[in-house]
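A.B. asks: The structure's right below; bear with me while I get my questions together.
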Amino acid sequence: EKWRAVWDELRPFDADETDTTRERRYALTMFPYPSGDLHMGHGEVFALHDMLARYWRLRGYNVLNPIGWDSFGLPAENAAIKRNENPATYTYDNIETQAESIRRYGLSFDWSRRLHTSDPQYYRWTQWLFLRFYEKGLAYRKASYVNWCPQDQTVLANEQVVQGQCERCGAAVTKRELTQWYFKITDYAQRLLDDMDDLHGHWPERVLSMQRNWIGRSVGAYVDFQIEGHDEPVRVFTTRADTLYGATFFVVAPDAKLAAQLCAPQQRAAFEEYLAQTNRATEIERQSTDRAKTGVWLGVDAINPVNGEKMPVWAADYVLADYGTGAVMAVPAHDQRDLDFARAFDLPVHTVIETGEPNPESSGIATAGDGVYVNSPLLDGITTKTEGIATIVDRLTSNGGGEGAVTYRLRDWLLSRQRYWGAPIPILHCRTCGEVAVPDDQLPVRLPDLRGADLAPKGTSPLAAATDWTRATCPKCGGEAQRDTDTMDTFVDSSWYYLRYCSPDYTDGPFDPETVRKWMPADQYVGGVEHAILHLLYSRFFTKVLQDMGMVDFGEPFTALMNQGQVINEGKAMSKSLGNGVDLGQQIDEFGVDAVRLTVVFAGPPDDDIDWADVSPAGSLRFLQRAWRVAHEVCSDVGVDPSTGDVALRRVTHRTIGDCAGLLDSQRFNVVVARIMELVNATRKTIDGGPGAGDPAVREAAETTAILLSLTAPYVAEDMWAQLGHGPSVSQQSWPTVDESLLVEESVVCVVQVQGKVRAKLDVAPDSDDDALEALALADDNVQRFVDGRPIRKIIVRAPKLVNIVV
RNA sequence: GCCGGGUGGGCGGAAUUGGCAGACGCGAUGGUCUCAAACACCAUUGUCCGAAAGGAUGUGCGGGUUCAAGUCCCGCACCCGGCACCA
Numbered sequence: 042e043k044w045r046a047v048w049d050e051l052r053p054f055d056a057d058e059t060d061t062t063r064e065r066r067y068a069l070t071m072f073p074y075p076s077g078d079l080h081m082g083h084g085e086v087f088a089l090h091d092m093l094a095r096y097w098r099l100r101g102y103n104v105l106n107p108i109g110w111d112s113f114g115l116p117a118e119n120a121a122i123k124r125n126e127n128p129a130t131y132t133y134d135n136i137e138t139q140a141e142s143i144r145r146y147g148l149s150f151d152w153s154r155r156l157h158t159s160d161p162q163y164y165r166w167t168q169w170l171f172l173r174f175y176e177k178g179l180a181y182r183k184a185s186y187v188n189w190c191p192q193d194q195t196v197l198a199n200e201q202v203v204q205g206q207c208e209r210c211g212a213a214v215t216k217r218e219l220t221q222w223y224f225k226i227t228d229y230a231q232r233l234l235d236d237m238d239d240l241h242g243h244w245p246e247r248v249l250s251m252q253r254n255w256i257g258r259s260v261g262a263y264v265d266f267q268i269e270g271h272d273e274p275v276r277v278f279t280t281r282a283d284t285l286y287g288a289t290f291f292v293v294a295p296d297a298k299l300a301a302q303l304c305a306p307q308q309r310a311a312f313e314e315y316l317a318q319t320n321r322a323t324e325i326e327r328q329s330t331d332r333a334k335t336g337v338w339l340g341v342d343a344i345n346p347v348n349g350e351k352m353p354v355w356a357a358d359y360v361l362a363d364y365g366t367g368a369v370m371a372v373p374a375h376d377q378r379d380l381d382f383a384r385a386f387d388l389p390v391h392t393v394i395e396t397g398e399p400n401p402e403s404s405g406i407a408t409a410g411d412g413v414y415v416n417s418p419l420l421d422g423i424t425t426k427t428e429g430i431a432t433i434v435d436r437l438t439s440n441g442g443g444e445g446a447v448t449y450r451l452r453d454w455l456l457s458r459q460r461y462w463g464a465p466i467p468i469l470h471c472r473t474c475g476e477v478a479v480p481d482d483q484l485p486v487r488l489p490d491l492r493g494a495d496l497a498p499k500g501t502s503p504l505a506a507a508t509d510w511t512r513a514t515c516p517k518c519g520g521e522a523q524r525d526t527d528t529m530d531t532f533v534d535s536s537w538y539y540l541r542y543c544s545p546d547y548t549d550g551p552f553d554p555e556t557v558r559k560w561m562p563a564d565q566y567v568g569g570v571e572h573a574i575l576h577l578l579y580s581r582f583f584t585k586v587l588q589d590m591g592m593v594d595f596g597e598p599f600t601a602l603m604n605q606g607q608v609i610n611e612g613k614a615m616s617k618s619l620g621n622g623v624d625l626g627q628q629i630d631e632f633g634v635d636a637v638r639l640t641v642v643f644a645g646p647p648d649d650d651i652d653w654a655d656v657s658p659a660g661s662l663r664f665l666q667r668a669w670r671v672a673h674e675v676c677s678d679v680g681v682d683p684s685t686g687d688v689a690l691r692r693v694t695h696r697t698i699g700d701c702a703g704l705l706d707s708q709r710f711n712v713v714v715a716r717i718m719e720l721v722n723a724t725r726k727t728i729d730g731g732p733g734a735g736d737p738a739v740r741e742a743a744e745t746t747a748i749l750l751s752l753t754a755p756y757v758a759e760d761m762w763a764q765l766g767h768g769p770s771v772s773q774q775s776w777p778t779v780d781e782s783l784l785v786e787e788s789v790v791c792v793v794q795v796q797g798k799v800r801a802k803l804d805v806a807p808d809s810d811d812d813a814l815e816a817l818a819l820a821d822d823n824v825q826r827f828v829d830g831r832p833i834r835k836i837i838v839r840a841p842k843l844v845n846i847v848v
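Numbering follows the working numbering, in which position 42 of the first sequence is assigned residue number 83; successive positions increment by one, without gaps.
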């Protein structure tokens with residue numbers, strides 16, 4: 042405990058804003074959400090992150106390693122309703138608890154930059170950024186279908202829908218049309234995709250793959266269809282324009298505006314009923330892929346542009362309103378979904394590609410591969426999809442019936458929440474002027490003080506109930522206006538916090554461009570893979586928008602990303618219902634901070650899950666005690682010349698230093714710990730087995746151990762450092778210098794193989810030449826035994842490590 | 001279905017460019033200490049044969065390249081993760 046006071050006094054971990062000589066590094070870890078105290082997951086991510094930050098500091102970098110809290114959000118609101126208080130009470134109490142735990146955990150954060158997204162001086166700038174997006178047309182309001190919980194009477198964010206159910210009450214979620222705020226992230230879909238090239242090799246492949254899937258780029262074509270009785274053609278998106286001759290019907294999403302427009306009067310009633318049925322359908326039902334096809338005929342026909350055939354127009358919920366154009370041409374022979382639908386409603390199936398597989402109409406299996414086009418006059422003689430598609434698209438483009446197109450699965454970011462505990466959207470609704478932005482000099486739009494039952498969900502935002510608060514004056518006309526009562530998704534807060542860390546007290550903007558230029562982009566971001574899509578994609582989007590506004594001069598916020606694994610127990614995620622939870626605080630009480638930190642780092646590669654049943658904090662503690670004892674046994678004087686010490690141990694020490702540097706650079710922290718253990722074992726042997734505790738090499742090894750251990754076991758490391766006669770703090774030391782001459786071995790083991798099997802091991806000089814090794818190998822008894830007089834065909838020598846004799 | 005990652009002792013995991021598979025640790029077994037237990041320390045620990053020396057075998061399965069393959073190539077199986085009625 043005394044070391045905490047020392048660290049607070051010396052502040053060895055604050056970034057130096059004035060220093061211009063040292064290279065800068067920005068070590069960033071995902072800031073915690075303040076629900077309760079820290080858990081094992083925090084224990085892991087912080088231990089890994091801190092190891093890197095401390096390593097960089099030892100290597101002489103000027104390191105920025107900030108901490109803050111993502112302190113807006115739903116749990117605080119729920120707790121406040123239950124306890125009849127304001128969410129701020131719960132939030133800031135938890136932050137204090139977590140801050141205390143983080144200090145106890147010995148993490149090397151720069152506390153002077155601490156921020157909370159729920160502070161008005163922070164969310165003022167979240168609102169300011171929203172307004173800049175709004176000015177650029179990147180924040181807009183539209184009506185659309187959103188997740189709706191019929192039980193709680195509230196809108197749910199996608200992330201609050203768990204397997205089609207409301208995460209709070211478990212009710213089946215349905216869709217409802219509402220007017221909501223969106224960020225136009227779809228404008229950036231292609232750039233978000235393209236710029237991933239720069240992240241390749243620095244971000245986990247898994248995350249890049251998830252983002253790629255989520256963005257969901259699809260290359261195809263738009264094709265225009267004339268519909269009977271309608272002047273305007275209707276456009277569909279398809280990736281298989283080459284199958285156009287096989288299109289036999291036409292399908293629109295029932296919840297797309299288009300469906301209602303196309304519907305003929307005599308089918309109106311049937312359609313209305315089907316639409317109602319679709320909207321009642323829950324997410325679980327709609328998402329199930331093996332569900333029977335449903336739909337209703339709209340009473341009109343579309344005309345196939347290439348062969349003039351009539352295609353009946355249907356509404357069916359297997360077509361999605363918000364992807365492509367909300368309408369498709371159905372080619373049952375070559376698309377499984379269309380075939381399922383055709384078979385359910387007895388619609389014609391026209392095969393236009395002979396692939397050699399069974400006829401789809403009779404087999405029920407659509408064919409999707411290459412083949413010979415039939416009944417497709419424009420595609421005669423073509424045998425590949427690629428060529429077929431190109432030919433049709435060319436044709437459509439030249440006669441104005443369509444064009445090549447790219448669509449994305451990515452949707453615009455629905456950012457408004459009908460919630461209290463978030464940043465209010467700084468917009469006014471004026472009776473005469475309409476939507477009006479709150480002027481910058483009136484920011485922040487502060488939250489009114491609501492508590493308890495005022496916050497309970499009632500279908501609209503709790504802010505709407507605060508009538509004094511909603512009443513405002515229109516800055517344009519001076520008339521009466523209403524405040525927008527929605528708050529922003531907390532992912533908006535966390536999309537720019539890493540920029541604020543560079544200048545947390547800046548008052549002229551969200552961040553000081555000068556400091557951002559110095560520190561950003563972050564060199565290493567560490568956090569959970571659960572944020573692979575939302576947070577990381579949103580942050581990348583924000584950065585690109587700010588780049589376009591000229592506020593930052595880079596397009597990617599995080600140069601490198603590391604995802605730590607999960608901490609699980611007995612093969613399963615920890616949960617209250619399983620009763621298999623492991624409490625971080627209890628583990629620390631039992632084994633100490635250092636042993637717990639060492640355990641999570643040593644357990645395996647950072648991105649692997651840690652099963653707490655498989656690891657041994659007791660073993661870690663044992664090792665730390667062994668290391669500590671070594672320091673206590675050292676009896677040579679401080680500053681003694683190590684070059685007079687035992688050479689064998691010195692070799693181990695210097696090889697360890699060299700290897701650990703490389704291992705830390707490639708973030709192989711578990712191997713670093715293994716190497717430190719080997720060093721301690723070697724030191725122990727030197728003390729017990731000859732040279733003794735007074736040997737200068739033992740002191741050198743012990744001091745090296747203390748410095749290396751400071752990366753992950755700061756308390757023991759400080760103890761050892763003090764015991765070895767040095768003043769605090771070991772964390773202010775620099776990385777030990779490797780004596781290269783000690784890395785040269787005086788003898789190496791040469792493996793001798795006969796037919797690729799090891800038959801002898803020889804101690805040889807490292808500079809032995811091929812001929813000498815060959816002669817030595819052949820002279821070996823065991824080698825001779827296995828050669829057994831047979832003629833030698835070939836001898837491969839890789840001096841000085843290997844000889845292989847082929848007979 | 002598409003995309004990404006994986007498969008190695010009883011367990012977690014090490015193995016530059018292809019060159020001694022199993023570093024380091026956990027657990028287990030035996031021993032020292034103790035009246036005893038726990039702790040600590042020492043030794044052994046992939047499997048099979050052997051008293052031992054030593055030998056055989058071994059990195060999911062089947063092939064291939066090579067003097068030499070956990071590593072490279074082809075095919076397959078299984079596991080984990082993501083997306084998914086996305087046209």
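For each residue, glycine too, the CB sits at the ideal point set by N, CA and C.
#1: Could you say which of ASP358, PHE599, HIS572, THR425 lies nearest to THR584 if we only look at CA atoms?
#2: Sort TRP166, ILE108, GLU218 by Cα distance to ASP482 and report the nearest one.
#3: Pick helix, strand or coil for CYS791, following the three-state DSSP scheme.
#4: Could you tell me which of GLU50, TYR102, VAL86, VAL293 sits nearest to THR62, measuring between CA atoms?
#5: Is the beta carbon of VAL431 sitting closer than 7 Å to the one on LEU361?
#6: Of all the options THR473, ASP490, THR448, GLY443, which has the alpha carbon lying nearest to the alpha carbon of PRO465?
#7: Are the CB atoms of VAL838 and VAL844 nearer to each other than 7 Å?
#8: Check ASP490 in the structure and name its three-state DSSP category.
#9: Under three-state DSSP, which class holds TYR263?
#10: With respect to the beta strand (DSSP E) encompassing ASN400, which residues constitute its N-terminal and C-terminal limits?
#11: Looking only at C-alpha atoms, which of SER536, ALA497, GLU476, TRP152 sits nearest to PHE522?
#12: Mind checking ARG309: buried by the 16 CB within 10 Å criterion, or exposed?
#13: Measure the C-alpha to C-alpha separation of GLU611 and GLY82 and round it to an integer number of angstroms.
#14: Using 10 angstroms around the beta-carbon of GLY405, count the other beta-carbons present and answer buried if the total reaches 16, otherwise exposed.
#15: Run the CB neighbour count on GLU759, radius 10 Å, all protein chains shown included, and call it buried at 16 or more, exposed below.
#16: Return the Cβ separation of GLY367 and LEU299 in integer angstroms, given the expectation that the two are a contact with Cβ distance under 8 Å.
#17: Under a three-way DSSP split, which group does LYS499 fall into?
#18: Hey, LEU783 and HIS695 are a contact pair by Cβ (cut 8 Å); roughly how many whole angstroms apart?
#19: Under the rule that 16 or more other beta-carbon atoms within 10 Å means buried, what is ASN440, buried or exposed?
#20: Can you give me the start and stop residues for the beta strand (DSSP E) that ASN610 sits inside?
#21: Does the distance from the C-beta atom of CYS543 to that of CYS515 stay below 7 Å?
#22: When you compare only the Cα positions, how much space is there between LYS559 and LEU240?
#23: Looking at VAL393 and GLY287, is the spacing between their C-beta atoms short of 7 Å?
#24: Check whether the Cβ atoms of ILE651 and VAL713 lie closer than 7 Å to each other.
#25: Going by the CB atoms, is the gap between GLN459 and VAL187 shorter than 7 Å?
#26: Rounding to the nearest angstrom, what Cα-Cα distance links HIS90 and VAL637 in this structure?
#27: Of all the options THR501, THR526, GLU218, GLY568, which has the alpha carbon lying nearest to the alpha carbon of ARG512?
#28: Going by DSSP, what residue range makes up the beta strand (DSSP E) through THR778?
#29: Just to confirm my understanding: we take ASP453, look at its own chain, exclude 5 residues before and 5 after, and list those with CB closer than 7 Å. What are they?
#30: Apart from the five residues on each side of it in sequence, which residues of its chain come closer than 6 Å, Cβ to Cβ, to ARG450?
#31: Note down the Cα distance separating ASP594 from PHE87, rounded to an integer number of angstroms.
#32: Under 7 Å between the Cβ atoms of LEU496 and GLU118?
#33: Can you tell me which residues form a DSSP beta bridge with ASN188?
#34: Using CA atoms only, rank isn't needed, just tell me which of SER259, ARG173, THR279, ASN106 is closest to ARG65.
#35: Assuming ALA121 contacts ARG492 (C-beta within less than 8 Å), just tell me the rounded distance between them.
#36: Report the partner residues of TYR181 according to the DSSP bridge assignment.
C.D. replies: Answer, in terms of the structure:
#1: Position 543 of the first sequence, counted from the first residue, corresponds to residue 584. It is PHE599 whose Cα lies nearest to the Cα of THR584.
#2: Against the first sequence, residue 482 aligns to sequence position 441. Of the candidates TRP166, ILE108, GLU218, the one whose C-alpha sits nearest the C-alpha of ASP482 is TRP166.
#3: Here residue 791 is taken as the residue at index 750 of the first sequence, counted from 1. The answer is strand: DSSP assigns CYS791 an E or B state.
#4: Working through the first sequence from its first residue, we reach residue 62 at position 21. It is TYR102 whose Cα lies nearest to the Cα of THR62.
#5: Along the first sequence, one-based indexing puts residue 431 at 390. Along the first sequence, one-based indexing puts residue 361 at 320. Inspection of the sequence shows that residue 431 is occupied by Ala rather than by Val. No.
#6: Position 424 of the first sequence holds residue 465. Comparing C-alpha distances from PRO465 to each of THR473, ASP490, THR448, GLY443 shows the shortest one belongs to ASP490.
#7: Taking the first residue of the first sequence as 1, we reach residue 838 at position 797. Taking the first residue of the first sequence as 1, we reach residue 844 at position 803. Taking 7 Å as the Cβ cut-off, VAL838 and VAL844 qualify as a contacting pair.
#8: In the first sequence, residue 490 corresponds to position 449, counting from 1. Coil.
#9: Taking the first residue of the first sequence as 1, we reach residue 263 at position 222. TYR263 falls in the strand class under three-state DSSP.
#10: Along the first sequence, one-based indexing puts residue 400 at 359. Careful: ASN400 lies outside any beta strand (DSSP E) and carries neither H nor E.
#11: Residue mapping note: residue 522 aligns to position 481 of the first sequence, counting from 1. The question names Phe, but residue 522 is Ala in the sequence shown. Of the candidates SER536, ALA497, GLU476, TRP152, the one whose C-alpha sits nearest the C-alpha of ALA522 is GLU476.
#12: Indexing the first sequence from 1 puts residue 309 at position 268. Answer is exposed; the Cβ neighbour count stays below 16.
#13: Reading the first sequence from its first residue, position 570 is the one you call residue 611. Reading the first sequence from its first residue, position 41 is the one you call residue 82. Separation of GLU611 and GLY82 (C-alpha to C-alpha, rounded to the nearest whole angstrom) is 16 Å.
#14: The residue given as residue 405 occupies position 364 in the first sequence. Burial call: exposed.
#15: Within the first sequence, residue 759 is the residue found at index 718, counting from 1. When all chains shown are included, GLU759 counts as buried.
#16: In the first sequence, counting from the first residue as 1, residue 367 sits at position 326. In the first sequence, counting from the first residue as 1, residue 299 sits at position 258. Between GLY367 and LEU299 a beta carbon distance of about 6 Å is seen, short of the 8 Å cut, so the two are scored as contacting.
#17: To locate residue 499, count along the first sequence from 1; it is residue 458. Three-state result, LYS499: coil.
#18: As a working mapping, residue 783 is identified with position 742 in the first sequence. As a working mapping, residue 695 is identified with position 654 in the first sequence. The pair is a contact, with the Cβ atoms about 4 Å apart (cut-off 8 Å).
#19: By 1-based counting over the first sequence, the position of residue 440 is 399. By the neighbour-count rule (16 or more Cβ atoms within 10 Å), ASN440 is not buried but exposed.
#20: The residue given as residue 610 occupies position 569 in the first sequence. It spans 608-610 - the beta strand (DSSP E) in which ASN610 sits, taken as one unbroken run.
#21: Numbered from its first residue, the first sequence carries residue 543 at position 502. Numbered from its first residue, the first sequence carries residue 515 at position 474. Against a cut-off of 7 Å, the Cβ pair of CYS515 and CYS543 comes out as no contact.
#22: Numbered from its first residue, the first sequence carries residue 559 at position 518. Numbered from its first residue, the first sequence carries residue 240 at position 199. Cα to Cα, LYS559 sits roughly 21 Å from LEU240.
#23: Here residue 287 corresponds to residue number 246 of the first sequence, with the count starting at 1. Here residue 393 corresponds to residue number 352 of the first sequence, with the count starting at 1. VAL393 is positioned such that its CB atom lies closer than 7 Å to that of GLY287.
#24: As a first step, residue 651 is located in the first sequence; it is residue number 610 there, counting from the start. As a first step, residue 713 is located in the first sequence; it is residue number 672 there, counting from the start. Remark: C-beta atoms of ILE651 and VAL713 do not approach each other more closely than 7 Å.
#25: As a position in the first sequence, residue 187 is number 146, starting the count at 1. As a position in the first sequence, residue 459 is number 418, starting the count at 1. No, Cβ-Cβ distance for VAL187 and GLN459 is not below 7 Å.
#26: Within the first sequence, numbered from 1, the residue matching residue 90 stands at position 49. Within the first sequence, numbered from 1, the residue matching residue 637 stands at position 596. When rounded, the distance between both Cα atoms is 15 Å.
#27: Position 471 of the first sequence, counted from the start, is the residue given in the question as residue 512. Answer by Cα proximity: THR526.
#28: Numbered from 1 along the first sequence, position 737 holds the residue referred to as residue 778. Careful: THR778 lies outside any beta strand (DSSP E) and carries neither H nor E.
#29: Taking the first residue of the first sequence as position 1, residue 453 is located at position 412. Hits under 7 Å: TYR223, PHE224, LYS225, ILE226, THR227.
#30: Position 409 of the first sequence, counting from 1, holds the residue named residue 450. If we look at ARG450 and ignore the five residues flanking it on each side, its Cβ neighbours are GLY257.
#31: Start at 1 with the first residue of the first sequence, and residue 594 comes out as number 553. Start at 1 with the first residue of the first sequence, and residue 87 comes out as number 46. Between ASP594 and PHE87, the C-alpha separation is close to 29 Å.
#32: Your numbering for residue 496 matches position 455 in the first sequence. Your numbering for residue 118 matches position 77 in the first sequence. Yes, the pair counts as a contact, with Cβ atoms nearer than the cut-off.
#33: The count along the first sequence starts at 1 and reaches residue 188 at position 147. Looking at the DSSP assignment, ASN188 forms a beta bridge with LYS216.
#34: The sequence position of residue 65 within the first sequence is 24, counting from 1. When C-alpha distances from ARG65 are compared across SER259, ARG173, THR279, ASN106, the shortest belongs to ASN106.
#35: Numbered from its first residue, the first sequence carries residue 121 at position 80. Numbered from its first residue, the first sequence carries residue 492 at position 451. The pair is a contact, with the Cβ atoms about 6 Å apart (cut-off 8 Å).
#36: To locate residue 181, count along the first sequence from 1; it is residue 140. Looking at the DSSP output, TYR181 shares a beta bridge with TYR223.
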